[in-house]
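In terms of my numbering, the sequence shown opens at residue 20 and continues consecutively.
Where a beta carbon is used, it is the ideal one built from N, C-alpha and C, also for glycine.
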Amino acid sequence: MESKHHRDHLPVTLENASVEEMSTVERLKSSSAGLFYVHSTHESRHTMRSEIDALSARQAETISEHAKEISKHFGIYKQRERNESGKKDGDFIFMVRVKIPAGELTPANWLALDAAADRYADGSIRLTARQGVQFHYVRGHNLSSLIREINATVSDNGYQLTTLGACGDINRNTVASPIDDLDAELPLDTYKLAHAVAREMAPRSSAYYQVFLSDESGQQIAPLNSEEPIYGTQYLPRKFKVGFAHPHDNSVDLLTQDVGFLPRVDKNGRKVIGYDLYSGGGMGATHNQPATMPLLAMHLGVVQRDQVVQTVRAIATIQREQGERRNRRAARWKYTIRRLGVAAVKEDLRERFGIALADAEPVPLPPVRDHLGWHRESRTGDFHYVGILIPSGRVRDEPAIKYRSAIRRMVSEVEGIAVRISPNQHLILAHVPTARREWIERTLAEHGVPFASDVPAIRRLAMACPAKPTCGLAMTHAERALPRYLAELEREGLGEVDVMIRMAGCPNSCSRPPTAEIGIIGYGKNDYVLMVGGARDGSRLARMLYPRLSEHELIDALKHVVRSIRDRNPRGLSAGDYLDQATDAELKAR
20 MESKHHRDHL PVTLENASVE EMSTVERLKS SSAGLFYVHS THESRHTMRS
70 EIDALSARQA ETISEHAKEI SKHFGIYKQR ERNESGKKDG DFIFMVRVKI
120 PAGELTPANW LALDAAADRY ADGSIRLTAR QGVQFHYVRG HNLSSLIREI
170 NATVSDNGYQ LTTLGACGDI NRNTVASPID DLDAELPLDT YKLAHAVARE
220 MAPRSSAYYQ VFLSDESGQQ IAPLNSEEPI YGTQYLPRKF KVGFAHPHDN
270 SVDLLTQDVG FLPRVDKNGR KVIGYDLYSG GGMGATHNQP ATMPLLAMHL
320 GVVQRDQVVQ TVRAIATIQR EQGERRNRRA ARWKYTIRRL GVAAVKEDLR
370 ERFGIALADA EPVPLPPVRD HLGWHRESRT GDFHYVGILI PSGRVRDEPA
420 IKYRSAIRRM VSEVEGIAVR ISPNQHLILA HVPTARREWI ERTLAEHGVP
470 FASDVPAIRR LAMACPAKPT CGLAMTHAER ALPRYLAELE REGLGEVDVM
520 IRMAGCPNSC SRPPTAEIGI IGYGKNDYVL MVGGARDGSR LARMLYPRLS
570 EHELIDALKH VVRSIRDRNP RGLSAGDYLD QATDAELKAR
């Protein structure tokens with residue numbers, strides 16, 4: 020007979036355990052009938068729609084804790100504004116995330132999102148590191164109206180804007196290089212695969228549409244369709260992320276994805292001959308929990324284009340079956356694949372799912388590019404694309420810099436323009452006729468928006484997550500703090516040091532500090548971990564240089580480390596390579 024001790028150390032999966040043995044979140048998903056119902060026991064249940072209706076009627080300030088777990092799958096995070104000590108004592112609010120495959124938007128899409136920011140949120144549009152959009156400070160009575168309006172905004176790219184699946188235990192927004200089809204030397208159509216994955220891996224349950232998109236006459240007391248052919252009754256154990264890099268651009272940080280693809284090109288450098296498959300990446304960890312850690316995806320082999328979508332579905336299926344369902348800290352695919360073993364996963368892909376996975380050495384990863392400034396486009400005619408720096412992705416009008424107004428004007432007045440969100444949280448305007456370049460630059464200048472040559476090197480790849488005061492997981496500030504740190508470095512004459520700095524308010528690392536050349540992660544109440552030595556191509560994790568620093572100590576350490584990159588690097592190595600090769604003692608020496 021199996022001992023209880025042995026049983027307690029086995030993973031709890033769909034194949035070896037009952038729902039009663041799983042976490043509360045798993046039980047909630049299982050009993051939701053495709054995200055339609057909210058309840059903790061079979062004796063007490065109600066529809067998700069009833070909680071949203073109560074918000075709309077101002078009969079409730081927020082949703083229940085059980086509904087919170089269901090609502091994540093609809094792109095909604097329940098939040099409460101926090102004070103400086105971190106206590107959640109402010110107004111109840113929501114964050115709403117829009118899923119935008121490959122970060123592609125039409126002018127009409129952008130203008131609709133821009134209008135919604137004033138009507139339903141705090142007047143800002145937050146570009147995410149996964150090429151989506153977030154609305155912050157959404158009040159409960161505006162929640163349903165905002166989601167209905169987003170879903171009424173039709174994309175010309177074959178994909179309807181939606182919040183469904185932007186969060187939750189399902190495939191999140193599928194990312195792709197924002198220059199995939201724009202690169203003048205190697206224009207590709209990999210972005211079409213990103214859209215195909217998004218369509219294939221979207222939830223099929225009708226609950227979202229019944230909760231948010233039906234009128235009063237269309238309300239239902241039971242789901243019209245609760246079937247989930249990919250996800251089943253309990254969906255995945257945790258979030259799942261898919262990305263596509265370009266042979267000239269790894270701004271998607273390929274090795275941080277659950278599943279990542281890099282096109283391989285022939286010797287002439289023009290024709291794609293397969294896709295390097297990476298799997299098992301993820302940046303999240305928990306402080307003082309050594310079993311949790313950031314991990315880079317591993318190379319599994321090469322697949323052909325006609326099996327890319329099938330490969331994603333197959334890996335998600337293995338994760339659904341074998342992923343941990345009791346301990347959510349151990350539930351990501353990055354842990355599952357290592358527990359099962361790479362060889363076993365490759366065999367399963369080949370034998371059970373029929374994936375023609377070829378063994379081969381991976382091609383080199385390209386660098387993370389910032390895409391700022393003007394670049395000639397691949398399309399026929401005289402066109403360029405232009406990258407505009409948006410600090411930490413926050414598009415709003417400030418007293419001195421009018422980001423929203425500038426973008427609104429350019430998107431409205433340049434015929435044929437297209438909008439791309441970059442994984443660096445910047446904005447790219449594509450298909451700009453050469454004749455409009457001067458007008459674009461003048462419009463940016465009139466609104467105080469710094470253009471490429473005016474952006475210091477140290478700011479080009481810097482990014483931070485929203486963190487406090489809205490994110491319930493954040494331990495510290497990030498978006499509000501990083502600009503101060505960068506300004507301090509510039510005052511020290513270090514603004515032109517080419518180094519990638521990323522900051523997160525907690526070890527979930529949504530802004531990917533573990534792969535940065537300098538990474539900062541919140542710890543406790545306003546303390547920080549300082550990491551150094553990540554690679555510019557995303558192929559190496561940074562190491563911990565200081566396990567805990569106060570803000571004052573952090574600023575001092577940042578100045579010293581960045582000065583070392585400039586002054587103690589006689590071979591002229593990239594910042595990440597220098598920091599990786601320098602010893603801790605050398606980097607700490609004054």
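The alpha-carbon separation between leucine 446 and threonine 330 amounts to approximately 30 Å. Straight-line spacing of the CA atoms in lysine 118 and leucine 549 works out to 31 Å. Counting only unbroken stretches of 3 or more residues, the beta strand (DSSP E) elements lying wholly within the region 342-402 are 392-395, in sequence order.
The region 212-255 is shown to contain whole alpha helix (DSSP H) runs of 4 or more residues at 226-231, in chain order. Taking 8 Å as the cut-off, the beta carbon of leucine 315 is found no closer than this to the beta carbon of leucine 564.
Spanning the alpha carbons of glutamate 465 and methionine 522 requires a straight line of approximately 30 Å. The Cβ atoms of arginine 413 and glutamate 498 sit closer than 8 Å to each other. With a beta-carbon spacing of about 6 Å, methionine 41 and arginine 345 fall inside the 8 Å limit used to define contacts.
Apart from the 5 residues on each side of it in sequence, threonine 305 sits with its Cβ closer than 7 Å to the Cβ of Thr311, Arg348 and Pro526 in its chain, given in chain order. Assignment of aspartate 72 by DSSP, reduced to helix, strand and coil, places it in the helix class. In the structure shown, proline 452 falls within a strand segment according to DSSP collapsed to helix, strand and coil. Glycine 538 has Arg521 and Met550 as its beta-bridge partners, per DSSP. Judged by their CB atoms, leucine 606 and serine 583 are nearer to each other than the 8 Å cut-off. If you check the CB distance, phenylalanine 154 and alanine 134 do not come in under 8 Å.
The alpha-carbon separation between arginine 609 and alanine 506 amounts to approximately 22 Å. Under the DSSP definition of a beta bridge, threonine 602 lacks any partner.
Setting aside the 5 residues that flank it on each side, serine 225 is surrounded in the same chain by Pro242, Leu243 and Asn244, each with a C-beta closer than 6 Å to its C-beta; the list follows chain order. Counting other Cβ atoms within 10 Å of its Cβ, arginine 590 stays below 16 and is therefore classed as exposed. Partner residues in the beta bridge of proline 282, as assigned by DSSP, are Tyr294. Contact check for glycine 151 and asparagine 190: beta-carbon distance about 13 Å, past the 8 Å limit, so the pair fails to qualify.
Pairing proline 126 with arginine 427, the inter-Cα distance amounts to about 9 Å. With respect to proline 442, proline 502 sits apart: the two C-beta atoms are not nearer than 8 Å. Contact between glycine 184 and histidine 92 holds: CB atoms are separated by about 7 Å, below the 8 Å threshold. About 7 Å separates the beta carbon of leucine 448 from that of isoleucine 407, a gap short enough to meet the 8 Å contact definition. Annotation note: the region 79-124 contains the following uninterrupted alpha helix (DSSP H) runs of length 4 or greater, listed N- to C-terminal: 84-90. DSSP places valine 430 inside the alpha helix (DSSP H), whose first and last residues are 422-432. Relative to the Cα of arginine 283, the nearest Cα in the group Asp277, Thr275, His267 and Gln276 belongs to His267. When DSSP states are grouped into helix, strand and coil, glycine 142 belongs to the coil group. Straight through space, the alpha carbons of arginine 99 and arginine 415 are spaced by roughly 22 Å. In this structure, the alpha-carbon of alanine 213 lies about 7 Å from that of phenylalanine 263.
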